[in-house]
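Q: Below you will find the structure I want to go over with you.
Residue numbers (this note's numbering), protein chains in the order written: chain X, 1 to 722; chain R, 1001 to 1086.
Right, dumping it as structure tokens:
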């Protein structure tokens, strides 16, 4: 186990925070899926910041809020089921509670799963006295016919219990009030401590006096003893060094006293050793069953089953949605529906945006000329840079602003775990985690977002697999390319009656290739670079909920818009400028673009593309949307990225360049399988902090794209096509 | 994958439970981190469970445990010995 003392010392956090002007430090804990994030967001609003726990890849959200003149710093601890094991999330949570000593710990509890949630609550009560229980999702409990007596619960636990319905904001004021009162001492708690089963009570009774000898007055002696018996090195160290004592403000903290206690410490650890070895295996078992026995007793007293609803909607929906016959078709149909709505819905807004922005470009052009700006500068700024931005915004913004809100609705409704449930077996085969299904779905919208969503996968190995393969799923930015190729070239090769169908099927086929590549590469990685055990998989499947349409649509929409605009300015602008330069600087009679294309030509032809297309792919690293306009620019020899109005024109232009159906297929395959765009690569770097994996995240897809395009091209040519 | 069912006709593993069947957890056949995880989730000896639904691909299977629905892969559910209830 890690014994990092040189990483951020938790106990200093308190002082830092208090110095920065916060009055109190509040920690937010709870099981996964209890609405903890909702509570966090509701309390902190925009005043939040997401980083990482020091030395770990677990995300850490912190924020602040004000109440009655005091400033509260809120830290969102990782969602965990327990604090007893050695998993990273649990380690972070219990060490934060013990060493950073927040003024209040708010434990968010799912009322419908009270017993299991009490497992965590009772453990938190062992470490910290200042606890407030947020009894969330009481509306769900009511729907399930359960009535929970918060007062009873509060009496049994010895701490305030506040019922809330966090996603509509109910009860949050009471929660903040209770938190403030506990922080300031207006409410004093008398936390309940669960009874130890007889099997282990003896051991504790024997050892605790010795712990007291070295740390008398420590408020959570029983917890410390428990950790020592479990062999927790961090705690042992903290005891030896006096850290625990000084945290509690005890005399044993100072070094002189510690020196004199060396003998007692040694005796303590010897006794621990003797006491713990015979029961090492069963200690954890007994502790957990003690906790659950207590939890059951408390829960049964606090819950009254008012009526058991006969009609279990959840079960009925689930039976259909996970059935052998309907399960997969429904999944695919829903995904297709999301795609269809995105494509159709984005059509007109994209056109309008394009018209508007290009009109603006023309005005800018006139303005520059009126001011007498030199031709080349006007070209660079207006026709290169601005046009690049305009293109990305008009192509990307509408679909993203539709896809993500739709996806978030799906997420809010509770359907996504069912997708994971259905498809997990494939991921298990590939040595990956079921949640990768969800990150892939996100990738259909935007791969950078998909990569970030991989944070939901705890195991670093499985998380990396999900990150490295996310790009095989084509994002919104690549759909227009796929679409165009399919309708202009594939459809044209078939009789009009079935041309539309063939175009759709081609897109589906190419996407399936991407998904297949994901599984194959994941499996390969599991056996080579990322070998290891599959992490323990448990999927909690919450009740279906009615999503909050308006709130979701609004926040998701704004969020996406900002992200797209940011990306357009940061990446697409310079890219547009570069493309303009390549198309307008002449060396030896030819543009730089032509020169570059000629160099790339041999490689391009080998895999079914050509020099211009390959060059376009390189230039489009910042933004996939500009591939087609750049190709057109290259073919037409124009000085700026262009679009052609009619598909017939496009077909003619491309065909004249030797573009065949094989080229179209190759282009589509390359579009799906190639390396990530600049934003995604940058995101991968930020998420992994590893040059090695960031490079591999580009190299692996590149190699796959090459191999597949090469193979398909050669096969098709051998069969007599193009 | 261990299957304990042959020993005692009255006991099965969780993986072998039919959809809709209720059972009581008897013991866990696995130690280490997996055991801890299962215990933390409330799958202790004495806990009542019910098999709810199977994935179209056969695994994982979802169970009703202490008020919530948990899905487990067969390699884990086959390590939990249960006694079916009528």
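Beta carbons are placed, not taken as given, at the ideal position from N, Cα and C, and that holds for glycine. All of these numbers come straight from a predicted model, not from anything done at the bench.
Tell me the rounded alpha-carbon separation between residue 400 (chain X) and residue 336 (chain X).
A: Translated into the one-based positions of the first chain, residue 400 (chain X) becomes position 400. Translated into the one-based positions of the first chain, residue 336 (chain X) becomes position 336. Answer to the nearest angstrom: the Cα atoms are 16 angstroms apart.
Q: Distance cutoff 9 angstroms, beta carbons only. Does residue 539 (chain X) sit that close to anything in chain R?
A: Within the first chain, numbered from 1, the residue matching residue 539 (chain X) stands at position 539. So yes, residue 539 (chain X) belongs to the interface.
Q: Restricting to runs no shorter than 3 residues, where is the beta strand (DSSP E) found entirely within the region 479-547 of chain X?
A: Entirely contained in the region 479-547 of chain X, the beta strand (DSSP E) runs reaching 3 residues are, in chain order, 538-540.
Q: Could you pull out every unbroken alpha helix (DSSP H) segment of at least 4 residues lying fully inside the region 1048-1078 of chain R, listed in chain order?
A: The qualifying runs are 1074-1077.
Q: Whole angstroms are fine: how far does the CA of residue 149 (chain X) sit from the CA of residue 131 (chain X)?
A: Position 131 of the first chain holds residue 131 (chain X). Position 149 of the first chain holds residue 149 (chain X). Rounded to the nearest angstrom, the two C-alpha atoms are 18 angstroms apart.
Q: Using the Cβ count rule (16 or more neighbours within 10 Å means buried), how would you classify residue 2 (chain X)?
A: Start at 1 with the first residue of the first chain, and residue 2 (chain X) comes out as number 2. Per-residue confidence for residue 2 (chain X) stands at a pLDDT of 34, beneath the threshold of 50, marking its modelled position as unreliable; no derived number is given.
Q: Looking at residue 70 (chain X) and residue 23 (chain X), is the spacing between their C-beta atoms short of 9 angstroms?
A: In the first chain, the residue the question calls residue 23 (chain X) occupies position 23. In the first chain, the residue the question calls residue 70 (chain X) occupies position 70. Yes; because the gap between Cβ atoms is below 9 angstroms, this pair is in contact.
Q: Could you check whether residue 31 (chain X) and residue 109 (chain X) sit closer than 9 angstroms to each other, using their CB atoms as the reference points?
A: As a working note, residue 109 (chain X) is residue 109 in the first chain. As a working note, residue 31 (chain X) is residue 31 in the first chain. Going by C-beta atoms, residue 109 (chain X) is nearer than 9 angstroms to residue 31 (chain X).
Q: Answer with yes or no whether the minimum CB distance from residue 498 (chain X) to chain R is below 9 angstroms.
A: One-based indexing of the first chain puts residue 498 (chain X) at position 498. False, the Cβ-Cβ gap to chain R never drops below 9 angstroms.
Q: For residue 134 (chain X), which residues does DSSP report across the bridge?
A: Start at 1 with the first residue of the first chain, and residue 134 (chain X) comes out as number 134. The partner list for residue 134 (chain X) (beta bridge, DSSP) reads X:108 and X:162.
Q: Any beta-carbon of chain X closer than 9 angstroms to the one on residue 1066 (chain R)?
A: Counting from one through the second chain, the residue named residue 1066 (chain R) turns up at place 66. Residue 1066 (chain R) counts as touching chain X.
Q: Just the Cα atoms here: how many angstroms apart are residue 616 (chain X) and residue 114 (chain X)?
A: What you label residue 616 (chain X) is simply residue 616 of the first chain in a count that begins at 1. What you label residue 114 (chain X) is simply residue 114 of the first chain in a count that begins at 1. Taking the straight line joining both Cα atoms gives about 57 angstroms.
Q: Within 9 angstroms of any Cβ in chain R, is that where the Cβ of residue 428 (chain X) sits?
A: As a first step, residue 428 (chain X) is located in the first chain; it is residue number 428 there, counting from the start. Yes, because at least one Cβ of chain R sits closer than 9 angstroms to the Cβ of residue 428 (chain X).
Q: Please report how far the alpha carbon of residue 38 (chain X) lies from the alpha carbon of residue 168 (chain X), in whole angstroms.
A: Start at 1 with the first residue of the first chain, and residue 38 (chain X) comes out as number 38. Start at 1 with the first residue of the first chain, and residue 168 (chain X) comes out as number 168. When rounded, the distance between both Cα atoms is 9 angstroms.
Q: Select from X:507, X:692, X:122 and X:423 the residue whose C-alpha is nearest the C-alpha of residue 330 (chain X).
A: In the first chain, the residue the question calls residue 330 (chain X) occupies position 330. With distances taken between Cα atoms, residue 330 (chain X) lies closest to X:423.
Q: Please specify which runs of the beta strand (DSSP E), each continuous and at least 3 residues long, are wholly inside the region 348-427 of chain X, giving them in chain order.
A: Complete beta strand (DSSP E) runs here, min 3: none at all.
Q: Under 7 angstroms Cβ-Cβ, which residues of chain X neighbour residue 1053 (chain R)?
A: The residue given as residue 1053 (chain R) occupies position 53 in the second chain. The answer, in chain order, is 318, 319 and 322.
Q: In three-state terms, what does DSSP make of residue 66 (chain X)?
A: On the first chain, position 66 is the one that residue 66 (chain X) refers to. Here residue 66 (chain X) sits in strand by DSSP.
Q: Alpha carbon to alpha carbon, what distance is there between residue 446 (chain X) and residue 726 (chain X)?
A: The first residue shown for chain X is 1 and the last is 722, placing residue 726 (chain X) beyond what the model contains.
Q: If you count every other CB in all the chains shown that lies within 10 Å of the CB of residue 4 (chain X), and 16 or more means buried, which is it?
A: Counting from 1 along the first chain, the entry for residue 4 (chain X) is found at position 4. Note that residue 4 (chain X) has pLDDT 36, beneath the 50 cutoff, so the model's placement of it is unreliable and no number is given.
Q: Output the boundary residues of the alpha helix (DSSP H) element that contains residue 640 (chain X).
A: For this step, residue 640 (chain X) is matched to residue 640 along the first chain. No alpha helix (DSSP H) holds residue 640 (chain X); DSSP gives it neither H nor E.
Q: Strictly under 9 angstroms for the Cβ-Cβ distance: is residue 536 (chain X) near chain R by that measure?
A: Against the first chain, residue 536 (chain X) aligns to sequence position 536. Residue 536 (chain X) counts as touching chain R.
Q: Please state whether DSSP places residue 147 (chain X) in a helix, a strand or coil.
A: Stepping through the first chain from its first residue, residue 147 (chain X) is reached at position 147. If DSSP states are grouped into helix, strand and coil, residue 147 (chain X) belongs with the strands.
Q: Name the chain X residues that come within less than 9 angstroms of residue 1062 (chain R), Cβ to Cβ?
A: As a first step, residue 1062 (chain R) must be located in the second chain, where it is residue number 62. Per Cβ cutoff of 9 angstroms: 318, 322, 421, 539 and 541.
Q: Going by the beta-carbon positions, is the gap between residue 521 (chain X) and residue 608 (chain X) smaller than 9 angstroms?
A: Position 521 of the first chain, counting from 1, holds the residue named residue 521 (chain X). Position 608 of the first chain, counting from 1, holds the residue named residue 608 (chain X). Result no, Cβ atoms of residue 521 (chain X) and residue 608 (chain X) do not sit closer than 9 angstroms.
Q: For a minimum of 4 consecutive residues, which ranges assigned as the alpha helix (DSSP H) are wholly contained in the region 212-276 of chain X?
A: You should have 221-229, 233-241, 243-247 and 255-260.
Q: Consult DSSP for residue 52 (chain X) and reduce its assignment to one of helix, strand or coil.
A: Along the first chain, one-based indexing puts residue 52 (chain X) at 52. Strand, per DSSP.
Q: With H, G and I counted as helix, E and B as strand and the rest as coil, what does DSSP make of residue 292 (chain X)?
A: The residue given as residue 292 (chain X) occupies position 292 in the first chain. Three-state result, residue 292 (chain X): helix.
Q: Over the uninterrupted beta strand (DSSP E) stretch that includes residue 1084 (chain R), give me the two end residues.
A: The count along the second chain starts at 1 and reaches residue 1084 (chain R) at position 84. Taken as a continuous stretch (DSSP letters only), the beta strand (DSSP E) holding residue 1084 (chain R) covers 1080-1085.
Q: My understanding is that residue 218 (chain X) touches residue 238 (chain X), with C-beta atoms under 8 angstroms, so please give their C-beta distance in whole angstroms.
A: On the first chain, residue 218 (chain X) is found 218 positions in, with the first residue counted as 1. On the first chain, residue 238 (chain X) is found 238 positions in, with the first residue counted as 1. That pair is no contact at about 11 angstroms.
Q: Could you give the C-beta distance for residue 247 (chain X) and residue 283 (chain X), rounded to a whole number, given that I count them as a contact under 8 angstroms?
A: Within the first chain, the letter at position 247 stands for residue 247 (chain X). Within the first chain, the letter at position 283 stands for residue 283 (chain X). That pair is no contact at about 25 angstroms.
Q: Given that a residue counts as buried once 16 or more other Cβ atoms are within 10 Å of its Cβ, and exposed if not, what is residue 270 (chain X)?
A: Residue mapping note: residue 270 (chain X) aligns to position 270 of the first chain, counting from 1. Classification of residue 270 (chain X): exposed, given that the 10 Å Cβ count is below 16.
Q: Taking DSSP as the reference, what is the three-state secondary structure of residue 326 (chain X)?
A: Counting from 1 along the first chain, the entry for residue 326 (chain X) is found at position 326. Coil at residue 326 (chain X), not helix or strand.
Q: Quickly, what does DSSP pair residue 586 (chain X) with across the bridge? List them, please.
A: Residue 586 (chain X) sits at position 586 when you count from the first residue of the first chain. Its beta-bridge partners are X:591.
Q: Starting from the C-beta of residue 469 (chain X), find all residues in its chain whose C-beta is less than 7 angstroms away, skip the five residues before and the five after it, and write them out in chain order.
A: For the purposes of this step, residue 469 (chain X) is taken as the residue at position 469 of the first chain. Excluding positions up to five away in sequence, the list reads 518, 521 and 522.
Q: At a cut of 8 angstroms, does the region 384-394 of chain X reach the region 1031-1040 of chain R through at least three beta carbon pairs?
A: Short answer: they don't touch.
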